[in-house]
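Quick notes on the structure that follows.
Residue numbers (the working numbering): 20 to 260.
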């Protein structure tokens with residue numbers, strides 16, 4: 020199956036730069052964000068690219084490439100499609116949910132390319148927590164839970180709710196979520212909230228008990244039946260000379 024989607028605002032700019040087809044992106048030089056991931060019988064990786072945007076200003080893009088990583092879902096009509104298709108589907112259709120801006124998506128029988136724009140000024144949740152004072156952190160955690168509620172109220176589980184996939188602007192506390200590849204519908208708001216928050220809390224050792232409680236108390240405003248108990252915050256070990 021071969022498909023190509025280009026965001027309207029970027030169509031002319033990408034055409035001028037010769038970036039209108041999957042092959043154009045596939046053979047770009049690689050500035051890997053991290054080493055490619057080999058799993059599910061294939062590989063995937065994310066690289067950075069700076070190009071002139073629609074307004075002519077230099078813009079940072081993230082170029083996600085994968086080969087041989089496919090799965091069947093209800094949203095793919097039962098066909099095995101690249102897992103990046105799920106990510107693109109969320110970015111292009113979840114209008115009221117926190118997401119980054121997609122620029123380009125293409126797939127062929129075994130490969131896929133998804134290109135997104137890096138949101139200016141945002142940092143991941145762990146970095147945010149390390150930089151700000153406690154009061155600002157708690158305000159940020161409330162903003163994160165409010166952002167997740169936009170998914171959970173629609174019974175959507177993000178499925179990869181890790182601190183590195185949650186971006187927050189330290190100035191405005193706006194939130195964006197990354198990597199929607201594993202999203203799925205759940206049977207209730209509570210089920211979606213439970214799955215994502217449990218996943219997040221288990222991977223956020225930088226949050227103390229008050230921070231964990233802040234997430235759960237805020238979530239119960241839209242999922243009052245949520246009975247998840249936050250795992251205890253890791254204990255700090257002090258070494259004496």
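For every residue, glycine included, the Cβ atom is placed at its ideal position computed from N, Cα and C.
Short Cβ contact (8 Å threshold) for residue i with residue j
i	j	result
residue 147	residue 187	yes
residue 125	residue 40	yes
residue 178	residue 201	yes
residue 72	residue 111	no
residue 220	residue 182	no
Residue i versus residue j - alpha carbon distance
i	j	result
residue 20	residue 239	43 Å
residue 256	residue 247	Any answer about residue 256 is weak, because its pLDDT of 43 lies below 50 and its placement is not dependable; what the coordinates show is given next. Roughly 27 Å separates the two Cα atoms.
residue 217	residue 235	10 Å
residue 258	residue 172	Here the model assigns residue 258 a pLDDT of 45, short of 50, so the residue's position is not dependable, and the following value carries that caveat. So the two alpha carbons sit approximately 45 Å from each other.
residue 136	residue 58	25 Å
residue 43	residue 80	15 Å
residue 25	residue 131	14 Å
residue 51	residue 244	42 Å
residue 105	residue 162	25 Å
residue 90	residue 61	12 Å
From the options, residue whose alpha carbon lies closest to that of residue i
i	options	result
residue 49	35, 68, 33, 42	68
residue 121	249, 184, 28	28
residue 56	22, 192, 84	84
residue 108	199, 211, 245	199
Residue i classed as buried or exposed, judged by whether at least 16 other C-beta atoms fall within 10 angstroms
i	result
residue 88	buried
residue 260	Low confidence applies to residue 260: its pLDDT is 43, below 50, so where it sits in the model is not reliable, and the reading given next is rough at best. By the neighbour-count rule (16 or more Cβ atoms within 10 Å), residue 260 is not buried but exposed.
residue 134	buried
residue 159	buried
residue 207	exposed
residue 34	exposed
residue 237	buried
residue 13	Nothing can be reported for residue 13: it is not among the residues displayed for the chain, which extend from 20 to 260.
Proximity test, Cβ basis, 8 Å: residue i and chain C
i	result
residue 52	As a matter of chain content, chain C is missing from the structure shown, which is built from one protein chain.
Rounded Cβ spacing between residue i and residue j (contact assumed at less than 8 Å)
i	j	result
residue 214	residue 232	The Cβ separation is near 19 Å, so there is no contact.
residue 157	residue 230	7 Å
residue 242	residue 212	4 Å
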